[in-house]
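Residue numbers (this note's numbering): 81 to 328.
Structure representation (structure tokens):
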């Protein structure tokens with residue numbers, strides 16, 4: 081179900097245990113070869129496939145295209161909400177659904193910069209409802225729902241405008257993909273791994289991509305879109321089947 085297409089009485093009539101899906105992505109630079117709306121287009125397609133498969137078993141909010149993209153602001157075309165602004169926006173969206181009585185809310189993410197503020201937003205909302213034990217406030221990036229154990233892919237983790245994202249864009253909108261074959265690979269690793277190091281994109285890449293876009297193919301992209309959609313469907317089915325109180 082698409083929230084944007086429903087009347088308020090139809091929303092009010094839904095079971096309050098219906099899984100609510102809030103897709104969050106970004107509008108930001110994606111190197112020389114991909115459009116700035118890549119994250120939103122890819123997550124939008126994954127959410128569309130999941131919504132189509134689940135029919136009336138989950139409610140999908142419109143995709144939030146503005147993300148926390150401060151680290152990409154050196155590149156023109158990037159639009160960003162500051163971290164605290166973004167955190168408060170997501171918290172307010174979740175609180176809106178709680179106000180309407182819904183208890184199972186899933187924030188599904190399509191941009192790495194959203195991870196920390198989104199998790200903090202859900203943490204803060206949960207603390208405001210400490211006495212409630214019927215709430216399931218969940219967050220995941222779509223690429224983190226399961227491990228991608230596949231020797232066909234050079235990259236084993238998500239990069240940026242990389243083998244994975246370029247492949248999915250080749251499958252979804254090849255007309256928007258530029259010269260990825262001549263994009264030199266940019267290592268996703270850091271000298272300090274596994275320790276987190278604060279960064280801006282230009283610390284790691286002067287051209288904007290991180291990973292190996294030259295290895296992308298449309299066939300790989302369709303496999304990824306199908307895999308990530310299937311993972312999201314499986315998560316939402318688990319949310320729907322939750323007994324409503326137990327942690328484990």
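Backbone N, C-alpha and C fix where the C-beta goes; we use that ideal spot for every residue, glycine too. As the structure is a prediction and not an experimental result, all values here were calculated from the model.
How would you write the range of the alpha helix (DSSP H) that residue 23 sits in, first residue to last?
-> Outside the displayed range of the chain (81 to 328) lies residue 23, so it cannot be described from this structure.
Taking only runs that begin and end inside the stretch 172–244, name each unbroken beta strand (DSSP E) of 3 or more residues, in chain order.
-> 184–189 and 216–221
Cβ contact (3+ pairs, closer than 8 Å) linking the stretch 202–215 and the stretch 119–129 | no
Ends of the alpha helix (DSSP H) at residue 91?
-> Translated into positions along the chain shown, residue 91 becomes position 11. First-last of the alpha helix (DSSP H) with residue 91: 88–92.
Report the rounded CA-to-CA distance for residue 245 versus residue 118, giving the unit in angstroms.
-> For the purposes of this step, residue 245 is identified with residue 165 of the chain shown, where counting begins at 1. For the purposes of this step, residue 118 is identified with residue 38 of the chain shown, where counting begins at 1. Approximately 8 Å between the Cα atoms of the pair.
Distance, Cα to Cα, residue 297 vs residue 290?
-> In the chain shown, residue 297 corresponds to position 217, counting from 1. In the chain shown, residue 290 corresponds to position 210, counting from 1. Their backbone Cα atoms lie some 17 Å apart in a straight line.
To the nearest whole angstrom, what separates the beta carbons of residue 316 and residue 91, a pair I think is in contact under 8 Å?
-> On the chain shown, residue 316 is found 236 positions in, with the first residue counted as 1. On the chain shown, residue 91 is found 11 positions in, with the first residue counted as 1. Not a contact, Cβ separation roughly 18 Å.
Count the other CB atoms within 10 Å of the CB of residue 135; is the residue buried (16 or more) or exposed (fewer)?
-> In the chain shown, counting from the first residue as 1, residue 135 sits at position 55. It is exposed - the Cβ of residue 135 has fewer than 16 other Cβ atoms within 10 Å.
Can you name the residues that DSSP bridges to residue 103?
-> Here residue 103 is taken as the residue at index 23 of the chain shown, counted from 1. Beta-bridge pairing links residue 103 to 188.
Backbone CA spacing between residue 150 and residue 84 [nearest angstrom] | Counting from 1 along the chain shown, the entry for residue 150 is found at position 70. Counting from 1 along the chain shown, the entry for residue 84 is found at position 4. So the alpha carbons of these two residues sit roughly 29 Å apart.
Cβ distance (whole Å) where residue 293 is taken to contact residue 157 below 8 Å | Locating residue 293 in the chain shown gives position 213, where the first residue counts as 1. Locating residue 157 in the chain shown gives position 77, where the first residue counts as 1. Contact doesn't hold; Cβ gap of about 18 Å is too wide.
Any chance the stretch 140–150 sits against the stretch 228–238, with 3 or more Cβ pairs inside 8 Å?
-> no
Which residues DSSP lists as bridging residue 140, in chain order = If you number the chain shown from 1, residue 140 lands on position 60. Partner(s): 82 and 101.
Residues near residue 163 in its chain [Cβ-Cβ closer than 6 Å; skip 5 each side] | As a working note, residue 163 is residue 83 in the chain shown. Taken in chain order, the residues that qualify are 148 and 197.
Beta bridge counterpart(s) of residue 114 as assigned by DSSP = To locate residue 114, count along the chain shown from 1; it is residue 34. For residue 114, DSSP records a beta bridge to 110.
Residues near residue 123 by beta carbon distance below 6 Å, same chain, minus five either side = Numbered from 1 along the chain shown, position 43 holds the residue referred to as residue 123. Result list for residue 123: 103, 105 and 190, in chain order.
Assign residue 301 to one of three DSSP states: helix, strand, or coil.
-> In the chain shown, the residue the question calls residue 301 occupies position 221. Three-state DSSP puts residue 301 in a helix.
Classification of residue 327 by the beta-carbon crowding that lies within 10 angstroms, buried from 16 upward | As a first step, residue 327 must be located in the chain shown, where it is residue number 247. Residue 327 is exposed by the Cβ-count criterion.
Among 120, 301 and 108, the one whose alpha carbon lies nearest that of residue 281 | Position 201 of the chain shown holds residue 281. Comparing Cα-Cα distances from residue 281 to each of 120, 301 and 108, the minimum goes to 108.
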